[in-house]
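**Student:** I have a structure I would like to understand better, so I am pasting it below and will then ask my questions one at a time.
This is the structure we're talking about:
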């Protein structure tokens, strides 16, 4: 549903008839804010009313919306948020809010890509009833989150006389987490998904397996985790996956699985050494040049496309994964095929000696797997490499129609290459959206840090350094440089946390509030009404939101001293920095 | 006591007579390790024995050692550490270890700078008794920590047939934490100090106050915190301080208070506006150049040396602080005196108009405060700026004899300037030891992050970026470029966590394990027996130690995928990186 939808206009009108007039945008800063900032937020006379001690939420019956309603009801009545800056609004003695009444047009709409997340929230100037209208249960969840952020204090009060009309700019707004290099417990995934829902993010891209460990227990191929996981306690069982998927549904977050292949599969060799080329080798043989490495980083192994057994295992894997994950997207990886790995395998050497090429090998692999994935009613997602890698890539004709490519290299240049070739794109540019960058490298005997004092430290030894600040993330325009038609093919973006130097101890602080920055940028944009980037105004709002997240149990890192928050504007600069 | 001490030779001999022979250094890697690595660690026949279910520790009665003994007894019997890599040693059926017998030569030695921390630990090849001998209770605590790190498993077993002789390379090994820009609870300080003891760090440099908040409740000047703290719950009372000091004593960690002055005192103006120049101003007035700023960052205010009231307040502050903190060092700050701040004050303008200079003003301040601090039996510590600042600095004659200067600028160059001028130095070079660097800047409307894609990100917008990796910290030689005589004046180092972008949510992960890297470098050095930097070998040990810290409740950040730890050497590189 777009703004031009006649049903929507009718809805708006019907709401407005017995609601707020006139609609005037409140000049920033608003005394109470929602993160990400709604598209339309009208609060003509800022004031607050109490939540009635009998406050309740009514909604149509729906398995997942019911859970969300219960959760938000508990949250708004017990959170007792005390804002860092006390909202400059009067608590009026008007009758308290007794009910939030939720209406949903299409209760059957599944949580799929492109589902309508629009909601309209109207909180009257005086009680007893507020109205939340959405087309789908998932839009209602977005509205519930917004509602919850308008509540503060003890006893709880809420911003009153508010009208919100809100919908996302991009349909795909995600976080990628790598659970192979280091393991995360199901509770960590719950905490992540819960925080995602709070930020109106809707896709948990779960990079489950890689060369380092294979934690997913597959019913048909249990040995992959049985031998390839870090340990019996460091796995995800079918029941775990179901809990994660259900948890996602209760928070409006899709769980998109990635089984990376044919590269990044060293861990598969623990169960099936015969299908993995160059497994368990030292990643960069002494005396060889970088192009001759066996892997992009320690941990070698690529599935061997020449072995029939490879596809027997893969069909089981794919079928199990599609059974366990209802999500219609299926991420099949295909990043970083390293020539040296395949070339190290005797069977592949023979293939190459007979005038085969590595790109043909990859095409063979894609041809033998992609149609099967599609046959399971899945939309394929690949990393961009499958098409854009400089050395090993497939002919576009091999990639199924409708495939989505996720870009991570070369900033907007590769986004443009993807969409101008007609594919849809998910943007995860490592220059902007990689959350792991900037903490140096993890190699065990890296001499680059043993330098004479005074040497230039450069980017600190991280291939994608420096650290991507929240502002860097916030300011990135993921359709930069595209024509309007091209931009329509950008379905959204994902920040990514690779786990070479991350695990549950730092998951929260690496992800939040930087993922919140992307969340707003992809929900309502990074510009104000005049088209100017609004990072300055966003700082105060993000501080407040980060503080509320911390109180909700998310260990988001602080972005300023408390003093800055208490003294608005005093931590700004009015001139370019760097003359020191 | 040095290696040449005759008493020590006697002690060694007496121990050796009924102990291990011959003394041979174990080639690395040892199957069980202690962090920081001991100076002498002899384990000729690696094997393990059980801790008896009746295991106990005997020691002479001493208030703080008693507490440490109780704590370590509980730890070794209940920790049940399961190493990431199972130690390749046999658990022999020899009689279990029944007792750790502690002997201390000088029970009265206070925990002061330079106190002897040497210990000798001998664990026999078979029970029943291990011996820990130390000159002081504080050395015994170091030995207890080492002992605890030799224990693993359930039931607990311990490395047996071990001889350790251990003492620190540098006497001052600290962590500075800024509790003014953001507040940390007493529990956070406990967690920090506990982890410090585990890393054999011995100085908690508590940067208590700054321009942003004044959390220290002083008996004689309660209004400073009453009005200058972030809130009634965000203070440190006299009881809190006593608990922190006592907790430090139980862990062998001195608590060195810093009351920064005369700069970094904006928060004092809440109680005493009359003694603070340029308080509550915008830090960098529009249209002015960087040299005309009022503060080094948002948050203005310098104590005014011309106002008699300044010294009345200061004497109360200093007297209260020296009463609350038994530590004989007193850090009086004196960093970053910004000309624009003092110049903005009318009384100082008059002073300058009468041919006074800003350096004279600082001399007046130091002359009026330093002798009083010294009269309280304190050794003064200042930041280097008081002597080395390019613009405002005192004549060396003004600085009391015996004063220690803490360096943070220009790497080894400023260390050399300090010690060649005859002062003792504490090294906190921001190029190596500043833990906050690398997460960008905190200004509210910083346009540097709104760049065209493809722009060079530089160091990521942090003045002291990039992030200092553990390897960078580990490899730094704090006496680099000094003569032997000059090097003797370097009493040690401190990593520093400034809190513009840190608070309790990220304290652990910002500090650990990077402070562990410094801890080893300053305890036993960063080189192996052949004089080569040992960062490669340290990686595996630091992984294991980081893992044990996490299990002890310290949220240290991971430095590698678990895969690397499980596959020793496989995450190394054998050639310089960067050809990609």
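Residue numbers (the UniProt record's numbering), protein chains in the order written: chain A, 1 to 580; chain B, 1 to 580. The beta carbon of each residue, even a glycine, is placed where N, CA and C say it ideally should be.
1. Is there at least one Cβ from chain B nearer than 9 Å to residue 191 of chain A's Cβ?
2. In chain A, which residues lie less than 8 Å from residue 181 of chain B when you measure between Cβ atoms?
3. So if DSSP puts residue 159 of chain B in a beta bridge, which residue, or which two residues, is it bridged to?
4. Of all Cβ atoms in chain A, is any one closer than 9 Å to the Cβ of residue 230 of chain B?
5. Where DSSP assigns a beta bridge to residue 152 of chain B, which residues make up the other side?
6. With a 10 Å radius around its C-beta and 16 neighbouring C-beta atoms as the bar for buried, classify residue 488 of chain B as buried or exposed.
7. If contacts are defined as beta-carbon pairs under 8 Å, then residue 419 of chain A and residue 394 of chain A qualify, I think. What distance do you get, rounded to the angstrom?
8. Could you tell me the boundaries of the beta strand (DSSP E) in which residue 407 of chain A lies?
9. Quick one: does residue 261 of chain B have its CB under 9 Å from some CB of chain A?
10. When you compare the CB of residue 443 of chain A with every CB in chain B, is at least one pair closer than 9 Å?
11. Residue 375 of chain B: buried (16+ other C-beta within 10 angstroms of its C-beta) or exposed?
12. Leaving out the 5 sequence neighbours to the left and right, which residues in its chain are closer than 8 Å to residue 318 of chain B when beta-carbon positions are compared?
13. Tell me which residue opens and which closes the beta strand (DSSP E) that residue 173 of chain A is part of.
14. Does DSSP put residue 379 of chain A in a helix, in a strand, or in coil?
15. For residue 155 of chain B, which residues from the same chain have a beta carbon less than 8 Å from its beta carbon, with the 5 sequence-adjacent residues on both sides left out?
16. Among the candidates A/384, A/415 and A/422, whose CA atom is the shortest distance from the CA of residue 402 of chain A?
17. For the stretch 232-272 of chain B, which segments carrying the alpha helix (DSSP H) assignment without a break, of at least 4 residues, lie completely within its bounds, in sequence order?
18. Determine the DSSP secondary structure at residue 416 of chain A, reduced to helix, strand or coil.
19. With distances taken from CA atoms, which of B/291, B/77 and B/84 is nearest residue 541 of chain B?
20. Residues of chain B with a CB under 8 Å from the CB of residue 500 of chain A: which are they?
21. Taking Cβ positions only, does residue 608 of chain A come closer than 9 Å to chain B?
22. Just list the residues that DSSP pairs residue 166 of chain B with in beta bridges.
23. Does the ligand ZN have a heavy atom nearer than 8 Å to the CB of residue 175 of chain B?
24. Could you round the C-beta distance between residue 210 of chain A and residue 267 of chain A to whole angstroms and report it? I think they count as a contact, below 8 Å.
25. Confirm, please, whether the CB-CB distance from residue 104 of chain B to residue 146 of chain B is below 9 Å.
26. So with Cβ pairs under 9 Å, would you call residue 578 of chain A a contact of chain B?
27. Take residue 194 of chain A and list the residues in its own chain whose beta-carbon comes closer than 7 Å to its own, dropping the five residues that flank it on each side.
28. Which value, in whole angstroms, describes the spacing of the CA atoms of residue 75 of chain B and residue 554 of chain B?
29. Say whether chain A places a C-beta atom closer than 9 Å to the C-beta of residue 533 of chain B.
30. Hey, does residue 646 of chain B have any beta-carbon neighbour from chain A nearer than 9 Å?
31. Is there a Cβ from chain B that is less than 9 Å from the Cβ of residue 41 of chain A?
32. Return the CA-CA distance between residue 410 of chain A and residue 396 of chain A, expressed in angstroms with no decimal places.
33. Determine the extent of the beta strand (DSSP E) in which residue 496 of chain B is found, giving its start and end residues.
34. When you check each C-beta in the stretch 470-494 of chain B against every C-beta of chain A, which residues fall closer than 9 Å?
35. Please report the residue range of the beta strand (DSSP E) in which residue 333 of chain B lies.
36. So, at 7 Å on beta carbons, what are the nonlocal neighbours of residue 551 of chain B in its own chain, with the 5 sequence-adjacent residues on each side left out?
**Tutor:** Taking the coordinates as given:
1. no
2. 561, 562 and 563
3. B/48
4. yes
5. B/157
6. exposed
7. Not confirmed; about 18 Å, so no contact.
8. 404-407
9. no
10. yes
11. exposed
12. 259, 330, 369, 372, 373 and 376
13. 172-178
14. strand
15. 50, 51 and 53
16. A/422
17. 238-250
18. helix
19. B/84
20. 560 and 561
21. There is simply no residue 608 of chain A to check, as chain A begins at 1 and stops at 580 in what is shown.
22. B/119
23. Among the components modelled here there is no ligand, and therefore nothing to report on the ligand ZN.
24. 7 Å
25. no
26. Its pLDDT being 45, under 50, residue 578 of chain A is placed unreliably by the model, and nothing is read from it.
27. 251
28. 15 Å
29. yes
30. Residue 646 of chain B falls outside the range modelled here, since chain B spans only 1 to 580, and no answer is possible.
31. no
32. 20 Å
33. 490-497
34. 470, 471, 472, 473, 474, 475, 476, 477, 480 and 481
35. 329-333
36. 81
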